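Peer 1:
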Amino acid sequence: MPLRTCFRYGPAGLAALTLGALTGCTTPADLRLPETPAQAWQADSSAWDLPAQSSTVHTAGESQVFTIPAVPALQTFKPSAIYPSDTALTLPQLIDIAQRENPSTRLAWNRAREAALSIGLTDALFLPSLTASVITGEQRLRIPVKLPLELGTVDVDNKVSGTTPMLTLTWLLFDFGERDAIREGTQYTALTTNILFNAAHQKVIRDVTDAYYRYNAARTNTQLAHKSLKQHEHVLQAVTARLEGGLATRIDLALAKQALAQGKLNVVTHEGLERSSYLALMQAVGLPPDTQLQVAAPGLQELPASSAPLTQQRIEQVIAQRADIAAAYAAVKIADAGQRAAKAAFMPKVYMGAGLAKNSSTFQAGNLSGLGVQNTGSGVLLGISIPLYDAGLRSTQLSKAELAKEQAQLQLEHLQMTAVREIVAAEQVLQTALQSHEAATELVETASVVHDASLEAYKVGRISTVLLTESAIQLNKANQALAEAQYAAVAAAANLAFVMGTMVSADASWLPTASSTSLPETPTATMLPALPSRSQP
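In full-length UniProt numbering, the protein residues as written are 1 to 537.
1) Would you be able to state if there are at least three C-beta pairs under 8 Å between the stretch 394 to 405 and the stretch 331 to 338?
2) Could you say if the stretch 90 to 109 and the stretch 178 to 188 meet the contact criterion of at least three C-beta pairs nearer than 8 Å?
3) Are Tyr215 and Val295 touching if we call contact CB-CB under 8 Å?
4) Name, in chain order, the residues that DSSP records as bridge partners for Asn375.
5) Excluding five sequence neighbours on each side, which residues of the same chain lie with their C-beta closer than 8 Å to the C-beta of residue 547?
6) Do Tyr351 and Trp510 come within 8 Å of each other at the CB atom, strictly closer than that value?
7) Helix, strand or coil: how does DSSP classify Leu468 here?
8) Hey, Ala506 and Ile205: beta-carbon distance below 8 Å or not?
9) Taking its Cβ as the centre, do 16 or more other Cβ atoms sit within 10 Å of Val66, making it buried, or is it exposed?
10) On the premise that Thr163 lies in contact with Val134, defined as a C-beta separation below 8 Å, what is that separation, rounded to the nearest angstrom?
11) Check the C-beta distance from Leu483 over to Asn221 and give it rounded, since I have them as a contact under 8 Å.
12) What is the C-beta distance between Thr153 and Pro144, in whole angstroms, given that I count them as a contact (C-beta under 8 Å)?
13) Do Leu434 and Ser306 count as a contact pair if the criterion is CB distance below 8 Å?
14) Determine whether the beta carbon atoms of Met500 and Gln202 lie at a separation below 8 Å.
15) Classify Met417 as helix, strand or coil using the three-state DSSP reduction.
16) Can you give the Cα-Cα distance for Val380 and Phe174, rounded to whole angstroms?
17) For Thr153, which beta-bridge partners are listed by DSSP?
18) For Thr90, which residues of its own chain have a beta-carbon under 6 Å away from its beta-carbon, when the five flanking residues on both sides are left out?
19) Quick one: what does DSSP say Phe197 is sitting in, helix, strand or coil?
20) On a CA-only basis, which of Ala457, Val490, Thr418, Leu443 is nearest Pro304? Give me that one, please.
21) To which residues of the same chain is Ala115 closer than 7 Å at the C-beta, ignoring the five residues directly before and after it?
22) Might you give, ordered along the chain, the residues of its own chain that have their beta carbon closer than 7 Å to the beta carbon of Ala256, omitting 5 neighbours on each side?
23) Between which two residues does the alpha helix (DSSP H) holding Glu114 run?
24) Can you list the alpha helix (DSSP H) stretches of 4 or more residues lying completely in the stretch 153 to 225, in chain order?
25) Could you tell me whether the stretch 409 to 417 touches the stretch 437 to 457, using the rule of 3 or more Cβ pairs below 8 Å?
26) Could you give the DSSP three-state label for Val499: helix, strand or coil?
27) Am I right that Ala478 and Val444 are in contact with their C-beta atoms under 8 Å? What's the rounded C-beta distance?
28) Among the residues of its own chain, which have a CB less than 6 Å from the CB of Leu253, if the five just before and after it don't count?
29) Tell me whether residue 539 sits in a helix, a strand or coil according to DSSP, three-state version.
30) Could you tell me the alpha carbon to alpha carbon distance between Ala29 and Ser161, rounded to whole angstroms?
31) With H, G and I counted as helix, E and B as strand and the rest as coil, what does DSSP make of Ile251?
32) To which residues of the same chain is Gln409 closer than 6 Å at the C-beta, ignoring the five residues directly before and after it?
33) What residues are listed by DSSP as bridge partners for Gly353?
34) Am I right that Asn495 and Ala419 are in contact with their C-beta atoms under 8 Å? What's the rounded C-beta distance?
35) Residues bridged to Thr136 by DSSP?
36) Since I believe Ala98 is in contact with Ile195 (beta carbons under 8 Å), could you give me their beta-carbon distance rounded to a whole number of angstroms?
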């Protein structure tokens, strides 16, 4: 519609033009979304530059690709330091890196810092509040005044202006322990976060230890698979030699080749498992998956024989050292403080108020000279407030606080029972692993004798290819069983130390010595440390 036509139609035309312009500036929602739930919405990275740019909607007949626009602001994660790739790292060294790089330790550290700051907030409740304010303004008033003798009316202008600075103080003097309960709850909250901070480090130690042993077990299985492949190659060579001498058949040769192919498949499978376990180790350490590190093999000590089970007294002693039990106990204290604070809300509060003000004002009427007024005032008040009725709000809060305390107590008891079961189960796993290692050691000895004898017997034609191949397979299985039992034992010992709360620092091995069946005493764990650098969370 031409502009002059709008003016021709008057206000109605202008309204129509304005409405059309606003409609053209509005982006309908259906232009940004697909028409049906089966269609894909697509946009490029410019969609992150709000307001959103135009997007593409596929029609029903096209292939649907449900991608999202890339986020340009995101960057690739980089570790805080460059770690050497030419030096084999031991388990304690990997744990040290994890405590620096794993994000869980930094998250727990920040939560502990936040809780420590909350203590300062509750301490402020005990101090007075001092407020300074200034009020200034001006008022003008015109009053018509009728002159005598019917001379008419004259307007008299009045102006009042002034400035009043004020200093006020409020102080809650007594509240029947409500603030004390709040501060105590905050202090126990800070204590809980400190405990969980140490618990995060304990979990990192356990996760790295477990991933380290799993990786070395997978690496050992790969080495055994290569060794088994060599054995199958020797068997194939022996069968080929006998076939050339007319002492073997084509079936014997096919069986030997089949065993060799199976050995190659085992090598590929175990190499894949080794790579996967390496990625799991890097994840536990907190490094990118493409990080190339040399991992040292553990110096496995001679495994002790299975020992006597833990006594009930020892189990009760170590339960008090577990971080989750200590945190649950602190949660009971927090709930108890919350209940006391809810009860104190029913009681009166005694407060004091004080104020100091200075008034400076000016009054001027008409053309007369202004009149200035200055005065200073101060006062101190002592008051008491008694809550009478709040529609059941405080009663509801008290009921919730009582329920929270009961819930915290039940959670503590549940965790104690769970801890006992975990300790007993972890100890049984360790005992089973130690017994399995003893049996696997004997199995390897007998399997080695059988394989060596079978190879010598096959060379002189006393046994078939099937028996020779089977002896090689059984020897490989025995070696794998021994390696798995050995790593399972050291991993089970580490897990037992973790569930008992004694895994509080990096160590190369958690196996008990043969001369001692009891675990070492737990060193004193530190609470929240001073603020470390980025490389030391």
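Note that beta-carbon positions come from the ideal geometry of N, C-alpha and C, so glycine has one too. Being a predicted model, the structure only gives us computed values, none of them experimental.
Peer 2: Result, derived from the coordinates:
1) yes
2) no
3) Contact flag set, yes.
4) Asn359
5) With the chain represented from 1 up to 537, any question about residue 547 goes unanswered, as that position is not in the structure.
6) no
7) In the structure shown, Leu468 sits in a helix (DSSP, three-state: H, G or I).
8) yes
9) The identity of residue 66 in the sequence shown is Phe, whereas the question assumes Val. When all chains shown are included, Phe66 counts as exposed.
10) Contact annotation, Val134 with Thr163: C-beta distance approximately 7 Å; criterion of less than 8 Å satisfied.
11) In the sequence on display, residue 483 carries Ala and not Leu. Indeed they touch by this definition, with Cβ atoms about 6 Å apart.
12) 5 Å
13) yes
14) no
15) helix
16) One C-alpha to the other measures close to 17 Å.
17) As a beta-bridge residue in DSSP terms, Thr153 pairs with Lys146.
18) Ala296
19) If DSSP states are grouped into helix, strand and coil, Phe197 belongs with the helices.
20) Val490
21) Cβ within range, chain order: Thr189, Ala190, Thr193.
22) Val235, Leu236, Val239, Thr465, Thr469
23) 103 to 123
24) none
25) no
26) helix
27) Confirmed, Cβ separation roughly 5 Å.
28) Val239, Leu243
29) Here the chain has residues from 1 to 537 only, and residue 539 is not among them.
30) Reliability of the predicted coordinates at Ala29 is poor, the pLDDT of 49 falling under 50, and the value obtained from them is presented with this limitation in mind. Distance from the CA atom of Ala29 to the CA atom of Ser161, rounded to whole angstroms, is 55 Å.
31) helix
32) Only residues of its own chain outside the window of five on either side were considered, and among them Val332 have a CB closer than 6 Å to the CB of Gln409, listed in chain order.
33) Thr170, Leu381
34) With 8 Å as the limit, Asn495 and Ala419 do not qualify as a contact, their Cβ atoms being about 13 Å apart.
35) Answer is Thr163, bridged to Thr136.
36) About 20 Å; that fails the 8 Å criterion.
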